[in-house]
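Residue numbers (our numbering): 94 to 351.
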């Protein structure tokens with residue numbers, strides 16, 4: 094066990110260092126979601142006058158979106174970095190060692206989780222700076238951070254699956270817009286109960302991203318909503334478990350062929 098922990102630590106440290114050495118992989122996941130926050134807050138301000146809208150602050154309502162959009166960047170960053178390891182032969186060299194595949198996956202996610210913590214702190218700080226008051230209080234902020242990290246882990250694991258299956262960083266980057274679509278067909282811009290088009294409400298209801306957004310949003314504008322949090326943590330956890338299992342299975346097959 095100590096050897097396994099040491100291996101995971103070394104790979105996680107390598108992942109963190111590699112992330113830090115690529116400023117674009119830090120700036121984009123932080124800045125772009127904040128830009129979308131500014132655009133949506135300005136364009137959707139009139140929504141607060143709709144009867145039944147859950148808050149009088151459109152900024153507080155939209156603040157949940159940067160967390161999920163920022164987490165989506167984990168899919169591309171993690172997948173691209175791991176695909177690069179495959180293309181450069183790093184993975185093939187590791188296959189000659191007794192290292193277990195799951196340790197490699199856990200270590201690879203180290204940089205992703207570290208970046209996720211940084212993103213979350215920035216988003217919370219920006220929210221507080223522009224006047225958002227978290228209805229769930231300081232403890233709710235900690236729960237929000239935990240939920241966000243779980244979402245980052247889930248999306249990062251999906252990136253690993255894409256990298257292992259394709260072995261190409263370009264292919265992983267090509268999949269990013271497809272993942273991004275799920276954000277725009279969710280309850281990102283308006284609560285599902287206020288959607289006037291039945292087909293869009295049905296799509297948003299079937300979209301798991303809606304529940305991730307609503308879990309984060311509940312901590313910001315509602316307080317403690319057990320159902321929203323249970324769905325948010327449950328769906329994020331399910332995606333993480335399934336994605337890591339798929340990644341481990343795919344990695345075993347790739348290592349066997351190496």
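Here a beta-carbon is modelled for each residue, glycine too, at the ideal position from N, C-alpha and C. Model, not experiment: these values are computed from the prediction.
- Here residue 103 carries a helix assignment [DSSP, helix/strand/coil].
- Per the coordinates, the alpha-carbon of residue 179 lies some 41 Å from the alpha-carbon of residue 221.
- With respect to residue 210, residue 242 sits close: the two C-beta atoms are nearer than 8 Å.
- DSSP, read as helix, strand or coil, puts residue 226 in coil.
- For residue 115, there is no enclosing alpha helix (DSSP H), since its DSSP letter is neither H nor E.
- The alpha helix (DSSP H) runs of length 4 or more contained entirely in the region 154 to 241 are, from start to end of the chain, 157 to 181, 183 to 187, 194 to 201, 203 to 222.
- Residue burial is scored here from C-beta neighbours: residue 124 has fewer than 16 other C-beta atoms within 10 angstroms and is therefore classed as exposed.
- Around the beta carbon of residue 337, 16 or more other beta carbons lie within 10 angstroms, which makes this residue buried.
- Secondary structure note for residue 282: it is in no alpha helix (DSSP H), with a DSSP letter that is neither H nor E.
- Counting only the Cα atoms, residue 113 lies some 43 Å from residue 142.
- Distances from the alpha-carbon of residue 130 to those of 215, 102, 206, 181 put 215 closest.
- In chain order, 196 place their CB closer than 6 Å to the CB of residue 97, counting only its own chain and leaving out the 5 sequence neighbours on each side.
- Relative to the Cα of residue 303, the nearest Cα in the group 176, 282, 228 belongs to 282.
- Residue burial is scored here from C-beta neighbours: residue 308 has at least 16 other C-beta atoms within 10 angstroms and is therefore classed as buried.
- In this structure, the alpha-carbon of residue 225 lies about 14 Å from that of residue 159.
- Boundaries of the alpha helix (DSSP H) harbouring residue 310: 301 to 310, taken from the DSSP string.
- Under the three-state reduction of DSSP output, residue 292 falls in the helix class.
- Taking every protein chain shown into account, the CB of residue 186 has fewer than 16 other CB atoms within 10 angstroms, so this residue is exposed.
- By the Cβ test, the region 244 to 256 is in contact with the region 166 to 178, since at least three Cβ pairs between them sit closer than 8 Å.
- Assigned with DSSP and collapsed to three states, residue 126 falls in helix.
- At the C-beta level, residue 316 and residue 229 come within 8 Å of one another.
- Around the beta carbon of residue 267, fewer than 16 other beta carbons sit within 10 angstroms, so the residue counts as exposed.
- Using a 10 angstroms sphere on the CB of residue 299, the tally of other CB atoms stays under 16, which defines it as exposed.
- Residue 232 and residue 313 have their C-alpha atoms roughly 11 Å apart.
- With a 10 Å radius around the Cβ and a threshold of 16 neighbouring Cβ atoms, residue 181 comes out exposed.
- The distance from the Cβ of residue 325 to that of residue 305 is about 6 Å, consistent with a contact at the 8 Å cut-off.
- A straight line joining the alpha-carbon of residue 190 with that of residue 234 spans about 42 Å.
- Judged by DSSP in its simplified three-state form, residue 97 adopts helix.
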